[in-house]
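FYI, the numbering for the sequence shown is 2 to 146, going by our numbering. C-beta: ideal position from N, C-alpha, C; glycine also. Model, not experiment: these values are computed from the prediction. Below: the structure, in structure tokens.
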Amino acid sequence: MDKKGNKLHFIKADFELPLELDMAEGGIAAGFPSPAEDFKETRIDLNKELIKNKEATFYARVSGQSMEDAGLDDGDLLVIDKSLEPENGKIAVCFIDGEFTVKRLKVDKKGLFLMPENKKYNPIKVSEENKLIVWGIVTYVIKKM
Numbered sequence: 002m003d004k005k006g007n008k009l010h011f012i013k014a015d016f017e018l019p020l021e022l023d024m025a026e027g028g029i030a031a032g033f034p035s036p037a038e039d040f041k042e043t044r045i046d047l048n049k050e051l052i053k054n055k056e057a058t059f060y061a062r063v064s065g066q067s068m069e070d071a072g073l074d075d076g077d078l079l080v081i082d083k084s085l086e087p088e089n090g091k092i093a094v095c096f097i098d099g100e101f102t103v104k105r106l107k108v109d110k111k112g113l114f115l116m117p118e119n120k121k122y123n124p125i126k127v128s129e130e131n132k133l134i135v136w137g138i139v140t141y142v143i144k145k146m
């Protein structure tokens, strides 16, 4: 784990074969169960669902706990789009001073901050001395349950 709380390993998305799975068309009730006859299957291609710009999309697995309060846990798989513009409040993969980290971007009167979402970690204030590249924006998180 790096000093910023996360270590990322990038994987390029593979589009050679569609990633089609069965999907319950009407959704799954989180309250009372619906009758079985209402269950209809369709096919969904996760590549088409999760990836808008295939040339600029990568996966990375999180290593660390600095973003756990945002729902990014150790071992989760991130879907990252390099074509999206960084915006205040977005979760971004950043390359700062030679290291990758994933943090929430915060821009205010005091400057630019890379914000962890775990009280055990401190925000990183970006100054003119830092070399920062916002490498991509996290668009989805894939979790193992």
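Close beta carbons around Met116, own chain, < 7 Å, minus the five adjacent residues each side:
Numbered from its first residue, the sequence shown carries residue 116 at position 115. Counting only Cβ-Cβ distances below 7 Å, and skipping sequence neighbours, we find Lys104, Arg105, Lys107 and Pro124.
Bridge partners - Asp82, DSSP secondary structure assignment:
What you label residue 82 is simply residue 81 of the sequence shown in a count that begins at 1. Residue pairing by DSSP places Asp82 opposite Thr58 and Ile138 in a beta bridge.
Member of Val139, Glu100 and Ile92 whose CA lies at the smallest distance from the CA of Leu51
Position 50 of the sequence shown, counted from the start, is the residue given in the question as residue 51. Comparing Cα positions, the closest option is Val139.
Roughly how many whole angstroms lie between the Cα atoms of Ser67 and Tyr122?
If you number the sequence shown from 1, residue 67 lands on position 66. If you number the sequence shown from 1, residue 122 lands on position 121. Rounded to whole angstroms, Ser67 to Tyr122 spans 6 Å at the Cα level.
Quick one: what's got a C-beta closer than 7 Å to Lys126's C-beta in the same chain, skipping five residues either side?
Start at 1 with the first residue of the sequence shown, and residue 126 comes out as number 125. Leaving aside the five residues that flank Lys126 on each side, the residues in its chain whose CB is nearer than 7 Å to its CB run, in chain order, Gly112 and Phe114.
Span of the beta strand (DSSP E) holding Gly106?
As a working note, residue 106 is residue 105 in the sequence shown. This sequence places Leu at residue 106; Gly is not what is there. It spans Glu100 to Asp109 - the beta strand (DSSP E) in which Leu106 sits, taken as one unbroken run.
Tell me whether Leu73 sits in a helix, a strand or coil according to DSSP, three-state version.
Translated into the one-based positions of the sequence shown, residue 73 becomes position 72. Reduced to three states, the DSSP call for Leu73 is coil.
Residues near Val142 in its chain [Cβ-Cβ closer than 8 Å; skip 5 each side]
To locate residue 142, count along the sequence shown from 1; it is residue 141. Contacts found: Gly72, Leu73, Asp77, Leu78, Leu79 and Val80.
With 16 other Cβ atoms within 10 Å as the buried cut-off, status of Ser128
On the sequence shown, residue 128 is found 127 positions in, with the first residue counted as 1. Ser128 sits exposed, since fewer than 16 C-beta atoms from the chains shown fall within 10 Å of its C-beta.
Rounded separation between Ile92 and Gly137 - CA only
As a position in the sequence shown, residue 92 is number 91, starting the count at 1. As a position in the sequence shown, residue 137 is number 136, starting the count at 1. Their backbone Cα atoms lie some 9 Å apart in a straight line.
What does the Cβ neighbour count give for Thr58, buried or exposed, with the cut at 16 atoms within 10 Å?
The count along the sequence shown starts at 1 and reaches residue 58 at position 57. Within a 10 Å sphere around the beta-carbon of Thr58 sit 16 or more other beta-carbons, which makes this residue buried.
As a quick exercise: from Arg44, Asp46, Lys53 and Asp70, pick the residue whose alpha carbon is nearest that of Lys120.
The count along the sequence shown starts at 1 and reaches residue 120 at position 119. When only C-alpha atoms are compared, the closest one is Asp70.
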